[in-house]
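Numbers in the numbering used here are just positions in the sequence shown, counted from 1, shifted up by 1. All C-beta atoms in this analysis are idealised placements derived from N, C-alpha and C, irrespective of residue type, glycine included.
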Amino acid sequence: MSPSKGSPSYDDVVYPSRHAPVDNESQDLVEPAGAETRLLSPAHETSAQIKPDDDLSQDPQDERIEAAEAYVEDVPPEEYDEDLKPEDEYRPEDEYKPEDEYKPEDEEWTFEDDMQDNVKREEFTTQAALRDRGTRRFPPNWEIHPDFPLLYPRYSVPSSVSPEVLEMLTRNLNYAEVDDIFHEIVDRARTSHGAFNKPRSILDLYTPRFVKGVSAQKVGMCPVCYEDGRVKFLKTKFSAYNYHLQNFHGISALTGLPFTPPSKFRVKKRNAKPRERSEIIQGHCHSCKKYIDMQGPKETDVKVAEIYWWKHAQACHRKSSVPDGVSGLFVEDKWYERVKRVLELVGGVEGEVRKLLAGSK
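Put into structure tokens, the structure is as follows:
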């Protein structure tokens, strides 16, 4: 349920410069009555912000980008690479088709070939290996396919927050009682990597928290990569950022949340040419109720097996809701618990997720 009329909004709680502190069971997370309000909107938010409907979320079907990513080191804007092709040379892929079965374009590409000229060194904040974050919760009849593991994981609540929000989330925290992972999260949260860019919600997995440069040289930091200790900046002007988040992490530009995976699968036989698949795995879409090709026709592997489904979801899941029984989007660790306590002041985690989903309607 959304907050009742007169209830504080998310912005009012995490940036409460416009109202008095809320006094309830989570009082240890807000200032005591009569105290000076410290949680002001950060000064660095005056920088140009990236909006959900900005260049980042232009129609993903217009994005055949020769340079899908541009890893940008912490260097002055004038040193950024400028080798993206002009708009009229882009080749759209996987246009949504109204036929009974969506068929991705008969094309496989080598990601390394596309990116070889644009890759710069990534900056790592930790040397920790990627950790298993567990699987989201699905209805009992929901089929989990082992060949597409990236369709199902939970995501960490982004640690890249403003100093004011970090102060709220760690207030009265006993650091002796938290684990090493929480200490790493706080260390990342205390580090700035550019101009802070305020997201739609702290649960928004799409919006970059840090940006650099302007115009064609503008880059944004991937909040999902950051939770694995990688500082990865991608150009936003020509949608390299959009391409990366939607096609390599499965995060919707419209909602800032993960795409819903297929509910079930089947194998379709086909008349194959030489070096083509004789059968293709298809997944059932909860939105359009059709079976979607999960593989290309060629007998080769792609870098990200889930990309065919995510390309369909970008076109099809624009006005659909998350099916009943699908939940557990986030890793429920100590950081999540601190965020959850703050969000209880404005409708809870579920209310915040509903507001993000409503952004696609």
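As computed with DSSP, R172 is found in no beta bridge at all. Cα atoms of R355 and D148: separation of roughly 30 Å, rounded to the nearest angstrom.
In this structure, K335 lies away from F211, with their beta-carbon atoms at least 7 Å apart. Taking each of I203, E280 and V220 in turn and checking the Cα distance to K299, the smallest one comes out for E280. Take the alpha-carbon of I145 and the one of S216: they are about 42 Å apart. Contact annotation: P154 and R138 have beta-carbon atoms that are not nearer than 7 Å.
Residue pairing by DSSP places E277 opposite K299 in a beta bridge. Out of S288, N248 and R132, the CA that lies nearest to the CA of R319 is found in S288. Taking C-beta separations shorter than 6 Å and ignoring five residues to either side along the sequence, the partners of G326 in its chain run P140, following chain order. With respect to the C-alpha of A359, the residue from E277, S322 and V350 having the closest C-alpha is S322. If you draw a straight line from the Cα of P159 to the Cα of R132, it comes to about 15 Å.
Separation of A314 and T192 (C-alpha to C-alpha, rounded to the nearest whole angstrom) is 34 Å. C-alpha of R271 to C-alpha of F197: approximately 51 Å in a straight line. Take V350, set aside five residues on each side of it, and the residues of its chain with a beta-carbon closer than 6 Å to its own are K341 and L344, in chain order.
With contacts defined as CB atoms closer than 7 Å, P262 and H285 fail to qualify as a contacting pair.
Under the DSSP definition of a beta bridge, A196 partners with V212.
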